[in-house]
Amino acid sequence: MEMTTRENFTKTYSFNQKVTGFLIWTFTLTVSLLVAGFPLIVLMVALGAIMAISLQSLLPISAVLLVAVGLIGANVFGILFGAAVLTFKGVNPKEVRWLSWLHGEQNILHKSIFAACPLTCDYELTK
1 MEMTTRENFT KTYSFNQKVT GFLIWTFTLT VSLLVAGFPL IVLMVALGAI MAISLQSLLP
61 ISAVLLVAVG LIGANVFGIL FGAAVLTFKG VNPKEVRWLS WLHGEQNILH KSIFAACPLT
121 CDYELTK
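In terms of the UniProt record's numbering, the sequence shown opens at residue 1 and continues consecutively.
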């Protein structure tokens, strides 16, 4: 009885860990596509406009809708596929060094220096 409960707990914990990792990877890849992939988005919009104009003669009513759904679907599929591959390869988002912004960890390389510090940091009070 106790062995079965432990096995179920381990399987549930592992499943929850994979789902959490998948959701974190999905969020991270989406943010990365929006922020760092902005030139890629501009290129996709330009190609989508050209495709919609060229398809307008063949499909006068639904050319723009078809191109928009295709581009958005390709982006969503790419993000979900990338997140699934990273999750099932076992890459934990906490192990990736460049994701410290996601976990709220401090970057030790940058130390805050306040504007008044050069004037007051070396100042000692004497009585």
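Glycine included, every Cβ here is placed at the ideal spot set by N, Cα and C.
Count the other C-beta atoms from every protein chain shown that fall within 10 angstroms of the C-beta of ILE24, then say buried if there are 16 or more, exposed otherwise.
-> Working through the sequence shown from its first residue, we reach residue 24 at position 24. Around the beta carbon of ILE24, 16 or more other beta carbons lie within 10 angstroms, which makes this residue buried.
Between LEU80 and THR28, is the Cβ-Cβ spacing less than 8 Å?
-> Counting from one through the sequence shown, the residue named residue 80 turns up at place 80. Counting from one through the sequence shown, the residue named residue 28 turns up at place 28. Against a cut-off of 8 Å, the Cβ pair of THR28 and LEU80 comes out as no contact.
Helix, strand or coil for ASN75, going by three-state DSSP, please let me know.
-> Against the sequence shown, residue 75 aligns to sequence position 75. Residue state for ASN75 is assigned as helix, using DSSP reduced to three classes.
Return the chain-ordered list of same chain residues with a C-beta closer than 7 Å to the C-beta of ALA83, the five sequence neighbours on each side being excluded.
-> For the purposes of this step, residue 83 is taken as the residue at position 83 of the sequence shown. Here the set comprises PHE22, TRP25, THR26, LEU29.
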